[in-house]
Each structure stands twice: as structure tokens, then as C-alpha cells.
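Since the structure comes first, as C-alpha cells, the remarks are kept for the end.
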Amino acid sequence: MNEMTRDRIGSLDWEKHSRELDAYGCTILEKLIDPDTCRALIAHYDDPDAFRSHIHMARHGFGRGEYKYFAYPLPDIIADLRQSLYPPLAEIANRWNRAMGLDRHFPGDHARFVVECHGAGQTRPTPLLLRYGMGDYNCLHQDVYGDCVFPLQVAILLSDPETDFGGGEFVLTEQRPRMQSRAEVVPLTQGDAVIFPVHHRPVAGTRGTYRVNMRHGVSRLRAGTRHTLGIIFHDAK
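Take 1 as the starting number for the sequence shown in the UniProt record's numbering and just add one per residue.
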């Protein structure tokens, strides 16, 4: 990742993004990476040496489409994004855990958190590239992978929805206690990153703060090809 992108992450209005995560369960970092970087990341998809696993979603009932998990060592751009995005998200995660009465405290540095994951037997990297073709979709799900879970994750749209594909909207659902579920469709353009919960988030109610369950997915692609980079901060068993 170039210095400009790293500086941009550090200079973002994280108080604003924190408020949006509290209010809506997601926030968008507009144009986090440029089109050239998006295309370079898409090009990784055809490099078998870059990945540890290749998943065809239909075989597992996950939807339609495919994705690949990167192997260690991660490409520099992905390692830098993971390390640079983690510290401000750790502050939000720790505040959320306090609000929900959870004792878990996350270190401020991603390398220290990875050590905790590996100590829990979660040693496989989780950043991934997803590819959808016409008719493909991703069922609502959560990316947990073990007991050591960082509660926020990031998805970056690498393709251009104006020229590369149609449909394929990013969707979040929020399952509220004793209420009907709420859906959020997140509009993304090329290079935008959406931050969202892995499994749950705190919501302020009339009787205090309660926990809501979150899931995410992608609606049916109606044309073209869609690539996304997923950045999950905990590793997998």
C-alpha cells in the first residue's frame, strides 16, 4: 500500500465513522483505494501461489460464486490495509464490548492480536478475494472462524458497478430481539470500503443497551463480473 493510502486511513474522520456504525451498523470509507490498485488486486485471483484455499459456494450451500483465501505471507497491500485499519477499529470494538458488558479487550496493534489468534489455534489467514458472475449471490452469513473473533470486518469493492457488473448489492441484516429483522443495502462504488460487524453490535434501547445479531451477504448479480476484497482481522482454525 502506498504512503498516501496509509496516511488517508490515519486522517479519516473516525468519530464520524464510529457514529455511523453505532447508528446503522455500517459505514463507508469512500475511494479508500484507487482503480489501479483495485485492478492489481483483481489480478491476484489467477495466481494460484497467492492462496491457501479455493471455495465454490454452491458446493457448501453458501450461495453461488467463488472465493479464495490468501496464504501467508499476504501481499503487501493487503497486509498494510489489515494493519492500518485495525487500530481505529479496535477502539470501536473495545467501546462496543464495554457497552455490551463483555470483558474482552483487544490490543491496539494487529500483530499482537494475531499472536492471540495463533495461541488459540487459529493460524490460517482469512483475507479473501471473491468473484461473482451473472446469477451468483452470497447467502447471509457471519465470518467467525473460531473462538478468537474481532467484531468488525471490511469489504472493498474492486470492480466498477458502472461498467463491470449489475446487481450484486452488499446487504446487511439486523435481527433485533422481539422485533422484525431490519435490512440495510449498502451502495458502493469502485474502491469503496464498507466496515460492518462480524456477528453482533450494541444498540441503545429504552431499557439500556442490548445486543443485536448481524449477517451480511450479496444479492444476485444481474450482469457482468464482480470482485471484492474481504479483510477479516482474526485468523481461522
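Cβ atoms here follow ideal geometry from the backbone N, Cα and C, with glycine treated the same way.
query = Exposed or buried, which one is K31 when buried takes at least 16 other CB atoms within 10 Å?
reply = exposed
ask   = Are the C-beta of G133 and some C-beta of chain D separated by less than 8 Å?
value = This model lacks chain D altogether, as it is built from one protein chain only.
inquiry  = Taking the alpha helix (DSSP H) that S84 belongs to, which residues open and close that run?
reply    = D76 to A99
ask   = Is it buried or exposed for P127, if we count other Cβ within 10 angstroms and need 16 for buried?
value = buried
ask   = Count the other CB atoms within 10 Å of the CB of V212; is the residue buried (16 or more) or exposed (fewer)?
value = buried
Contact the region 63–81 vs the region 41–52: 3+ CB pairs below 8 Å = yes
key: Residue nearest to P161 in terms of C-alpha spacing, selected from I77, G191, E91 and E15   = G191
request  = Could you check if Q180 is buried or exposed, using at least 16 other CB atoms within 10 Å of its CB as the buried criterion?
outcome  = exposed
request  = Go ahead and label T163 buried or exposed: buried means 16 or more other beta carbons lie within 10 angstroms of its beta carbon, across all protein chains shown.
outcome  = exposed
message = For D47 and R98, I'd like the C-alpha separation in whole angstroms.
response = 42 Å
message = Please state whether the Cβ-Cβ distance between Q122 and H17 is less than 8 Å.
response = no
query = Taking A43 as the reference, which of D143, Q142 and R131 has the closest Cα?
reply = R131
ask   = How many angstroms separate the CA atom of S11 from the CA atom of R59?
value = 42 Å
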